[in-house]
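Here is the structure we will look at, set down as structure tokens.
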Amino acid sequence: MQIHRGPFETKTWQNRICPSETMVKIHPDQTTSGTGEETISPYLTTEQETFTIWMKSLVFNTNGCTVFNSKGKIIYRVDNYNSKSCREVYLMDLSGHVLFTLRRQKFGLFKTWEGYRSSSGTAESMTKLEYFRVKNNVFQIPNKDSSSSYRVIAGSCRNDEQYCYKMVTRGSSLAIEDNCGKLLAEVKRKQSRNGLKLGDDVLTMMVESQVDHSFIIGLVLAHSLINCIL
Numbered sequence: 020m021q022i023h024r025g026p027f028e029t030k031t032w033q034n035r036i037c038p039s040e041t042m043v044k045i046h047p048d049q050t051t052s053g054t055g056e057e058t059i060s061p062y063l064t065t066e067q068e069t070f071t072i073w074m075k076s077l078v079f080n081t082n083g084c085t086v087f088n089s090k091g092k093i094i095y096r097v098d099n100y101n102s103k104s105c106r107e108v109y110l111m112d113l114s115g116h117v118l119f120t121l122r123r124q125k126f127g128l129f130k131t132w133e134g135y136r137s138s139s140g141t142a143e144s145m146t147k148l149e150y151f152r153v154k155n156n157v158f159q160i161p162n163k164d165s166s167s168s169y170r171v172i173a174g175s176c177r178n179d180e181q182y183c184y185k186m187v188t189r190g191s192s193l194a195i196e197d198n199c200g201k202l203l204a205e206v207k208r209k210q211s212r213n214g215l216k217l218g219d220d221v222l223t224m225m226v227e228s229q230v231d232h233s234f235i236i237g238l239v240l241a242h243s244l245i246n247c248i249l
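The numbering of the sequence shown is the working numbering, which starts it at 20 and goes up by one.
What follows is the structure, given as structure tokens:
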């Protein structure tokens with residue numbers, strides 16, 4: 020997928036994509052097992068779900084982030100052992116199995132992040148069948164108090180199709196929408212029950228039903244890497 024910072028423009032060919040078609044084609048909610056039976060993806064939400072993102076690594080003296088589900092269980096983690104904003108980042112589950120490999124590429128004046136889904140839990144097993152690409156316009160200076168938008172292109176080499184999404188930041192919040200404007204997820208600073216914000220590094224992420232939350236986390240990581248947060 021490609022993320023271009025700047026005003027979001029919908030092209031004519033993008034209007035052919037409907038919300039249900041987009042998520043089902045790229046991130047099917049069912050996979051076929053060896054016995055021919057269909058199983059539900061563990062990353063697909065069956066209802067609206069809430070997650071907590073802590074922009075810290077559980078590994079001492081490293082950069083990264085940790086993602087908890089609504090029950091307080093760790094489901095994703097990122098540990099940058101080398102340094103902040105390193106060239107390669109792995110989105111892993113609690114056991115350390117790699118789900119996505121994100122790599123920074125440099126093309127001219129643009130900072131580009133490429134991400135690939137891993138097929139068997141290791142960085143070496145990454146597949147280019149499902150990929151994303153994040154591209155930043157270095158001529159635009161981000162302002163945390165202003166609004167900015169990103170155009171997201173997600174691709175699948177299985178059927179040579181691409182799909183468009185939109186990410187919009189307003190202040191400290193981030194909204195992810197499909198091409199038809201349907202809200203898929205929203206990230207903002209987490210508040211206590213008394214309404215007190217818990218800090219800049221503690222976020223809450225709401226993901227709508229029938230959405231691959233591993234894909235959403237990949238987008239959030241890409242946004243953080245572009246803005247040198249992670």
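Ideal placement from N, C-alpha and C gives every residue a C-beta, glycine not left out.
query: Can you say whether S233 is buried or exposed, counting buried as having 16 or more other CB atoms within 10 angstroms of its CB?; result: buried
query: What's the gap between the Cα of I248 and the Cα of L63?; result: 26 Å
query: Is T41 buried or exposed, if buried means 16 or more other CB atoms sit within 10 Å of its CB?; result: Because T41 sits at a pLDDT of 41, beneath the cut-off of 50, its placement in the model cannot be relied upon, and the following sentence gives the value as read from the coordinates. T41 is buried by the Cβ-count criterion.
query: Between which two residues does the beta strand (DSSP E) holding V86 run?; result: 82-87
query: Would K209 and L222 be called neighbours here (beta carbons separated by less than 8 Å)?; result: yes
query: Quick one: using the 10 Å Cβ neighbour count with 16 as the cut-off for buried, is C105 buried or exposed?; result: exposed
query: From T51 to V226, what does the alpha carbon distance come to, in whole angstroms?; result: Only weak support is given to the placement of T51: the predicted model assigns it a pLDDT of 41, under 50, and the question is left unresolved by the model.
query: Using a threshold of 8 Å, state whether the C-beta atoms of I245 and K130 are closer than that.; result: yes
query: Per DSSP, what kind of secondary structure is V239 in: helix, strand or coil?; result: helix
query: Please classify N82 as buried or exposed, where buried requires at least 16 neighbouring CB atoms within 10 angstroms.; result: buried
query: Taking only three categories from DSSP, how would you classify F70?; result: strand
query: Let me make sure I understand the geometry here. Which of E205, Y184, I172 has the alpha-carbon closest to that of G190?; result: E205
query: How big is the Cα-Cα spacing for M111 and R212?; result: 30 Å
query: Based on Cα-Cα distance, which residue from K92, W132, I93, K207 lies nearest to A173?; result: W132
query: For V108, which beta-bridge partners are listed by DSSP?; result: L121
query: Do you know how far the Cα of G214 is from the Cα of R122?; result: 37 Å
query: When DSSP labels each residue in this structure, what does S268 get in the three-state scheme?; result: Outside the displayed span of the chain (20 to 249) sits residue 268, for which this structure offers no information.
query: Helix, strand or coil, according to DSSP, for T31 in the structure here?; result: Low confidence applies here, because T31 scores a pLDDT of 35, under 50, leaving its location unreliable; read the following figure in that light. Residue state, collapsed to three classes: helix.
query: Taking C-beta to C-beta, are M224 and F70 nearer than 8 Å?; result: yes
query: If you drop the 5 nearest sequence neighbours on each side, which residues of the same chain put their C-beta closer than 7 Å to that of I236?; result: V86, Y95, L110
query: In chain order, what residues of the same chain lie with their CB nearer than 6 Å to the CB of E66, ignoring the 5 residues before and after it?; result: S228
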